[in-house]
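Everything below concerns the one structure shown next.
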Amino acid sequence: MESLRLSSVNVFTPTHSNFGRQRKAMLLRRSHFLNPSMPLPLPPRSSSGSRTKRSVGQFHFSRGNVVKMQAVDEDYDLKQIRDMSAAKKRWDAMIREGKVKVLLPREAGYAIQLSNKTLLDVRPFTERKKAWVKGSTWIPVFEVDDRFEAGNISRKITSFMMGGWWSGVPTLSFNNQFLSQVEEKFPKDTDLIVACQKGLRSLAACELLLNAGYKNLFWVQGGLESAEEEELVREGPQPLKFAGIGGVSEFLGWTDQQRAVAAKEGWGYSLVFSARLVGVFLVVDALFIGAQQIGRYIQEIRSH
């Protein structure tokens with residue numbers, strides 16, 4: 003069976019003549035982590051059949067090269083859509099045929115506490131460090147890409163400018179050691195409850211594990227984010243629901259998770275974020291006024 007091999011998740015570099023369409027594709031890829039119903043794209047295969055890394059789009063100054071690059075980009079985007087659709091069908095079949103059992107967070111909590119089943123946490127470190135299930139084993143299927151290479155830096159900048167600053171979602175790359183790390187800890191007959199933050203990346207992990215020979219797999223539907231506090235024994239500085247949020251939206255309290263908590267906690271909880279918003283406006287206003295004053299000062303110097 004074909005295994006899921008992802009070398010880079012939100013890798014995207016725009017061309018100067020094709021920015022609009024690529025921005026749409028970038029947002030589509032980002033939605034994979036925000037919407038559990040969206041499957042992950044697969045990178046293209048090389049001539050040998052293995053998954054290869056690919057950076058989409060580079061700057062070209064020859065008109066002929068630009069046209070050629072646009073055609074390549076269109077083919078790549080179409081392939082991404084086809085791969086996403088194929089992944090969705092595989093995962094639906096995997097669940098429908100009972101190869102992977104579905105558990106709600108509450109049921110997963112019962113299985114962990116009463117049956118001593120193992121929870122395999124496949125989230126990246128940025129989510130794991132905020133909150134985790136007590137006694138769980140952490141092996142990320144995706145890792146935060148901290149490489150500072152020329153091409154990677156441009157992808158980080160693009161990801162940040164296209165929504166990373168708001169959502170706090172980092173650049174992620176597939177963990178090539180995922181299967182070997184799991185096999186080091188767990189034999190193939192182990193009952194594994196696989197979970198991520200929203201329920202999508204754990205499906206990708208389940209497919210990998212199933213293809214590797216693991217048969218007793220359980221998937222936490224909706225991810226740890228959908229768990230109530232009493233359903234799983236949580237450790238860490240934040241609630242499980244907040245582990246997947248970040249960026250400016252988290253700072254201002256403009257996420258669905260924080261709004262739900264605010265509805266329960268009342269005006270006192272919302273007041274903190276209202277004060278932060280006022281603070282942001284004051285800082286922006288001060289910077290604007292400061293920039294005006296500096297501009298006037300420079301003009302005065304030039305006039306003399």
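Going by this note's numbering, the sequence shown wraps up at 306, each residue one higher than the last.
Each residue gets a CB set at the ideal place from its N, CA and C atoms; glycine is no exception.
Computed from a predicted structure; not experimentally measured.
(request) Please work out which residues of its chain come closer than 8 Å, Cβ to Cβ, to L279, disregarding the five sequence neighbours upstream and downstream, and give them in chain order. (result) The count along the sequence shown starts at 1 and reaches residue 279 at position 277. When the five nearest sequence neighbours on each side are left out, the beta carbons in the same chain lying within less than 8 Å of the beta carbon of L279 are those of L254, in order along the chain.
(request) Look up L278 in the DSSP assignment and give the residues it is bridged to. (result) Position 276 of the sequence shown, counted from the start, is the residue given in the question as residue 278. One point to set straight first is that residue 278 is Arg, not Leu, in the sequence displayed. Looking at the DSSP output, R278 bridges to nothing.
(message) At the level of alpha carbons, what is the spacing between V286 and I296?
(response) Within the sequence shown, the letter at position 284 stands for residue 286. Within the sequence shown, the letter at position 294 stands for residue 296. Cα to Cα, the separation comes out at about 15 Å.
(message) Tell me the rounded alpha-carbon separation between Q24 and P241.
(response) The sequence position of residue 24 within the sequence shown is 22, counting from 1. The sequence position of residue 241 within the sequence shown is 239, counting from 1. Note that Q24 scores a pLDDT of 46, beneath 50, so its modelled location is shaky; the value from the coordinates is reported in the next line. So the alpha carbons of these two residues sit roughly 35 Å apart.
(message) Let me check understanding here. Comparing Cα to Cα, which of E267, K243, Q294, G270 lies closest to W134?
(response) Position 132 of the sequence shown, counting from 1, holds the residue named residue 134. Answer by Cα proximity: K243.
(message) Beta-carbon within less than 8 Å of F220's beta-carbon, same chain only, minus the 5 sequence neighbours each way: which residues are those?
(response) On the sequence shown, residue 220 is found 218 positions in, with the first residue counted as 1. V102, K103, V104, L105, A110, A113, K119, D193, L194, I195, V196.
(request) Taking 8 Å as the cut-off, decide whether the C-beta atoms of I97 and L122 are in contact. (result) Within the sequence shown, numbered from 1, the residue matching residue 97 stands at position 95. Within the sequence shown, numbered from 1, the residue matching residue 122 stands at position 120. No, Cβ-Cβ distance for I97 and L122 is not below 8 Å.
(request) Would you mind sorting I247 into buried or exposed? The rule is 16 or more other CB atoms within 10 Å of its CB. (result) In the sequence shown, counting from the first residue as 1, residue 247 sits at position 245. I247 is buried by the Cβ-count criterion.
(message) Strictly by DSSP, which residues pair up with L121?
(response) Taking the first residue of the sequence shown as 1, we reach residue 121 at position 119. L121 pairs with I195.
(request) Classify R2 as buried or exposed, calling it buried when 16 or more other Cβ atoms lie within 10 Å of its own Cβ. (result) A question about residue 2 goes unanswered here, because the residues of the chain that appear run from 3 up to 306.
(request) Pick out whichever of E233, E237, I300 has its Cα sitting closest to the Cα of L116. (result) Counting from 1 along the sequence shown, the entry for residue 116 is found at position 114. It is E233 whose Cα lies nearest to the Cα of L116.
(request) Look up E186 in the DSSP assignment and say whether it is helix, strand or coil. (result) The residue labelled residue 186 in the question sits at position 184 within the sequence shown. The three-state secondary structure of E186, taken from DSSP, is helix.
(message) Quick check on the DSSP output: the alpha helix (DSSP H) that includes L205 runs from which residue to which?
(response) The sequence position of residue 205 within the sequence shown is 203, counting from 1. Where L205 is concerned, the enclosing alpha helix (DSSP H) stretches over 203-213.
(message) What would DSSP say about L181, mapped onto helix, strand or coil?
(response) The residue labelled residue 181 in the question sits at position 179 within the sequence shown. Note: L181 maps to helix in three-state DSSP.
(request) Can you give me the Cβ contacts of A264 inside the same chain, cut-off strictly under 6 Å, excluding the 5 residues immediately before and after it? (result) Reading the sequence shown from its first residue, position 262 is the one you call residue 264. Excluding residues within five positions, the ones whose Cβ falls inside 6 Å are Y271, S272.
(request) Would you be able to state if there are at least three C-beta pairs under 8 Å between the stretch 154-168 and the stretch 199-215? (result) no
(request) Taking all protein chains shown into account, decide if W93 is buried (16 or more other Cβ within 10 angstroms of its Cβ) or exposed. (result) Here residue 93 corresponds to residue number 91 of the sequence shown, with the count starting at 1. Burial call: buried.
(message) Distance check for R236 and E267, CA to CA, integer angstroms please.
(response) Within the sequence shown, residue 267 is the residue found at index 265, counting from 1. Within the sequence shown, residue 236 is the residue found at index 234, counting from 1. The alpha-carbon atoms of E267 and R236 are separated by roughly 20 Å.
(message) Once the 5 residues before and after G215 are set aside, which same chain residues still bring their CB inside 6 Å of it?
(response) Position 213 of the sequence shown, counted from the first residue, corresponds to residue 215. Counting only residues of its own chain and dropping the five nearest sequence neighbours on each side, G215 has a CB closer than 6 Å to the CB of K190.
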